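Have a look at the structure below, then the notes.
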Amino acid sequence: MANEEYGATAERRTGTSPGRRAVLGAAVLGAGAAVAGAPGVARAEGRHSKGHGHGGDLPVPTVIAHRGTSGYRPEHTLGSYQLALDMGADVIEQDVVPTKDGHLVCRHENDITATTDVAAHPEFADRKTTKSVDGAQLTGWFTEDFTLAELKTLRAKERIPGTRQRNTLYDGRWEVPTLEEVLRWAERAGRERGRRVWLHIETKHPTYFRKLGLGLEEPLAKLLRRYNRHHRHSPTFLQSFEPSSIQRLRKLVDAPGVVLLSTANSRPWDFVEANDPRTVADLIKPEGLRWMASYAKGIGPTLDLIIPKGPDGKLLEPTTLVRDAHAADLILHPYTMRNENTFLPADFKKGTDPNAYGDAFGAFKKYFATGIDGIFSDNPDTALLAAADFRAVND
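Here's what the structure looks like:
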């Protein structure tokens with residue numbers, strides 16, 4: 001099917017034209033601006049969508065750098081974030097977990113076994129333990145058992161070295177950053193570039209940490225206020241897989257919230273703890289979407305909720321989630337696109353090497369045509385080019 005035909009089909013299916021989506025994104029999200037990329041990488045000039053915001057609009061589709069540029073650098077490091085900014089990513093993601101003494105640090109998980117060199121530190125050998133985190137039994141080292149000063153003696157490393165061997169070149173180069181360090185970096189980078197740097201900040205395991213006396217929302221809100229990112233039109237998204245975390249943040253700050261959604265048969269952990277029987281399948285029904293829209297500005301579904309896969313791993317027909325979410329005035333930032341075969345739908349794999357790049361551009365085109373407002377990607381340079389291709393045909 002030609003791209004023009006597929007785009008027209010998607011527009012009829014979702015009831016949302018590219019122009020309408022751009023206006024929706026501007027009205028809901030407020031300010032953003034384009035940035036020139038670094039030499040030799042995708043550039044972002046002229047990528048604004050239509051619509052009117054405060055100081056400029058995020059382009060649609062929006063490219064969100066997943067944990068920074070985790071396809072090229074160890075995730076959640078200042079090096080990974082800086083490369084994302086240099087590539088021209090529209091938004092850069094951080095996940096936050098607490099230290100023993102209550103500081104927020106940027107790690108995808110509180111289990112830092114795979115993302116730091118902690119195992120090579122004999123002074124911390126006795127910290128290795130087994131814990132139950134959101135119902136999963138994990139053995140390793142955990143941020144909540146370290147003070148910030150102790151954590152700062154560790155160095156970050158590549159999480160999946162078997163898949164991303166080249167990233168191991170940067171093992172040991174960067175520390176684990178605090179969220180405050182990232183906010184300072186973003187403030188400084190914004191001044192240097194003449195535009196605000198958008199962030200997408202996720203609270204990880206908030207119910208688990210609250211039970212430990214290490215609640216995430218209050219210290220996060222305090223930092224946002226300190227760096228003037230707590231307003232409705234601040235260049236910040238707040239996200240969580242636990243709806244109650246977004247509800248709590250909504251009472252503390254006005255920055256837009258995004259509810260992350262896992263597989264259809266899963267339940268958010270705060271629902272499990274509260275004996276709420278609803279599943280993600282319930283939340284993506286119109287009534288569930290309206291409920292989330294009462295306190296959030298968007299949802300971040302797994303891509304399989306946008307286009308499911310068949311038994312052969314190939315994409316099936318898109319669901320109605322994009323249309324239904326837009327009808328509830330929610331934006332959609334699904335996750336996660338990666339370039340390697342092992343992460344792509346079977347339709348877009350190339351060759352037999354699971355670590356080789358497949359047809360990522362083909363997959364992006366398919367997902368963008370559904371009408372999503374943005375996408376998380378480990379490879380923001382690829383995503384930026386794919387988004388530019390899509391807009392060139394559909395704007």
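Using full-length UniProt numbering, the letters of the sequence shown correspond one by one to residues 1 to 395.
For every residue, glycine included, the Cβ atom is placed at its ideal position computed from N, Cα and C.
In this text the structure is predicted, and so the values were computed from the model without any measurement.
Three-way DSSP call (helix, strand, coil) for residue i in this model
i, result
"Thr-382", "helix"
"Pro-122", "helix"
"Leu-212", "coil"
"Phe-343", "helix"
"Thr-370", "coil"
"Asp-65", "The question names Asp, yet the displayed sequence has Ala at residue 65. DSSP places Ala-65 in strand when its eight states are reduced to three."
"Glu-93", "strand"
"Gly-320", "With the sequence shown as reference, residue 320 is identified as Thr, and Gly is not the correct amino acid for it. Three-state DSSP puts Thr-320 in coil, outside helix and strand."
"His-54", "Annotation note: pLDDT 30 at His-54 (below 50); position unreliable, coordinate value reported separately. Coil."
"Thr-116", "strand"
"Leu-220", "helix"
"Leu-332", "strand"
According to DSSP, residues forming a beta bridge with residue i
i, result
"Leu-238", "Ile-201 and Gly-257"
"Met-337", "Ser-377"
"Val-133", "Ala-136"
"Gly-300", "Leu-260"
"Phe-142", "Asp-111"
"residue 463", "Here the chain covers residues 1 to 395 and nothing more, so residue 463 does not appear."
"Val-393", "Answer by DSSP bridge pairing: none, since Val-393 is not bridged."
"Val-105", "Val-97 and Thr-178"
"Tyr-357", "Glu-340"
"Ala-156", "Thr-116"
Buried versus exposed call for residue i [16 or more other C-beta atoms within 10 Å across all chains shown]
i, result
"Gly-313", "exposed"
"Gly-162", "exposed"
"Gly-194", "exposed"
"residue 415", "This structure cannot speak to residue 415, because the chain is shown only from 1 to 395."
"Arg-166", "exposed"
"Thr-99", "buried"
"Pro-318", "buried"
"Arg-164", "buried"
"Lys-350", "exposed"
"Lys-251", "exposed"
Proximity of residue i and residue j at Cβ, strictly below 7 angstroms
i, j, result
"Asp-171", "Lys-157", "yes"
"Pro-301", "Leu-238", "no"
"Pro-206", "Ser-245", "yes"
"Ala-65", "Pro-345", "no"
"Phe-361", "Ala-386", "yes"
"Gly-288", "Leu-330", "no"
Candidates the options: closest to residue i by CA position
i, options, result
"Ile-284", "Asp-389, Glu-123, Leu-78 and Val-322", "Val-322"
"Ile-92", "Lys-366, Ile-375 and Asp-126", "Ile-375"
"Glu-273", "Arg-210, Val-96, Ala-84 and Glu-202", "Arg-210"
"Leu-249", "Met-337, Arg-191, Leu-224 and His-233", "Leu-224"
"Asp-95", "Ala-296, Glu-150 and Thr-77", "Thr-77"
"Lys-366", "Phe-390, Gly-358 and Tyr-357", "Phe-390"
"Ile-160", "Glu-340, Phe-368 and Glu-123", "Glu-340"
"Gly-257", "Thr-168, Phe-343 and Arg-229", "Arg-229"
"Gln-247", "Pro-235, Leu-216 and Ser-234", "Leu-216"
"Arg-127", "Val-118, Gly-135, Val-133 and Arg-73", "Val-118"
"Gln-82", "Arg-188, Gly-135, Ala-356 and Thr-147", "Arg-188"
Near the ligand FAD: residue i beta-carbon under 6 angstroms from a heavy atom
i, result
"Ser-377", "Ligands in the displayed structure: none, and consequently the ligand FAD is not present."
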